[in-house]
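A.B. asks:
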Amino acid sequence: MKLDTQLEGCVFDETLGLMFVGEEDRGLWKLAYRETAPVPELIDEVGGRAGLVADVEGVSVWRGKDGAGWIVASAQTDNRYVVYDRKAPHAAMGSFSIGANTVLGIDDVTHTDGLDIHSGALPGFPRGVLIVQDDGNPNSGQDQNFKLVNWADIEAALTLPVLDAE
Ligand SMILES: [Ca+2]
Ligand SMILES: [Ca+2]
21 MKLDTQLEGC
31 VFDETLGLMF
41 VGEEDRGLWK
51 LAYRETAPVP
61 ELIDEVGGRA
71 GLVADVEGVS
81 VWRGKDGAGW
91 IVASAQTDNR
101 YVVYDRKAPH
111 AAMGSFSIGA
121 NTVLGIDDVT
131 HTDGLDIHSG
141 ALPGFPRGVL
151 IVQDDGNPNS
161 GQDQNFKLVN
171 WADIEAALTL
181 PVLDAE
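This is the structure in structure tokens:
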């Protein structure tokens, strides 16, 4: 498969047989990767229904049972993440930013490239965790690092239905 311009993050959804991939200036695509000649379908485009902006960068999936769940895509220049229903027609569920944690002295997150999601429970993250690349870190003096976000906080912020994890 070939798309027209620069590709960024992608994720395989083995349950639904789909790959979700970001084309940075165009939008978020899906394709049925098990087919011999899959035709990509545009889930959403930059400037489209959900507030997606360029560059579309990291993409991952919060995996619920039976193919339910959420797709998260980094909308890099707005320092936001756009959330879609994992299942077609991929309803827009809202977007969020990751602010500073003043209690713990952790700076906010900007210009995320890659991201990943673990949907199962972990210590301190009962609903799973989102991990994002953070481009600038004035507090530490380091150029980049990774920030962890409790998935329960994202569910609460967007009032997402609380699904059973896969
Ligand atoms: Ca890029
Ligand atoms: Ca930062």
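In case it helps, the working numbering puts the sequence shown at residues 21 to 186. In this text, a Cβ means the ideal position worked out from N, Cα and C, and glycines have one as well. Keep in mind that this is a model prediction, so the values were computed, not measured.
1) Does ligand 2 have even one heavy atom less than 7 Å from the beta-carbon of valine 129?
2) For the alpha helix (DSSP H) containing glutamate 175, list its first residue and its last residue.
3) Is DSSP giving lysine 167 helix, strand or coil here?
4) So is the beta-carbon of asparagine 121 under 7 Å away from any non-hydrogen atom of ligand 2?
5) So does the stretch 141 to 159 actually touch the stretch 43 to 63, counting three or more Cβ pairs closer than 8 Å?
6) What does the Cβ neighbour count give for glutamate 28, buried or exposed, with the cut at 16 atoms within 10 Å?
7) Would the beta-carbon of aspartate 133 fall within 8 Å of that of proline 158?
8) Considering only C-alpha positions, which residue in the set Glu186, Leu135, Tyr101 and Phe32 is nearest to alanine 70?
9) Applying the 10 Å Cβ sphere with the 16-neighbour rule, what's the burial state of arginine 54?
10) Near asparagine 165, which residues of its chain fall below 7 Å by C-beta distance, leaving aside the five closest residues on each side in sequence?
11) Taking 7 Å as the cut-off, is the C-beta of glycine 156 nearer than that to any heavy atom in ligand 2?
C.D. replies: Answer, in terms of the structure:
1) For ligand 2, at least one heavy atom lies less than 7 Å from the Cβ of valine 129.
2) Per DSSP, glutamate 175 belongs to the alpha helix (DSSP H) from 171 to 178.
3) Here lysine 167 sits in strand by DSSP.
4) No; taking the cut-off as 7 Å, the Cβ of asparagine 121 has no heavy atom of ligand 2 nearer than that.
5) No, the stretch 141 to 159 does not touch the stretch 43 to 63.
6) So glutamate 28 ends up on the buried side.
7) No, they are not a contact pair.
8) With distances taken between Cα atoms, alanine 70 lies closest to Tyr101.
9) An exposed status is given to arginine 54, since fewer than 16 other beta-carbon atoms sit within 10 Å of its beta-carbon.
10) Only Asp154 and Asn157 meet the Cβ criterion.
11) Within the cutoff, so yes.
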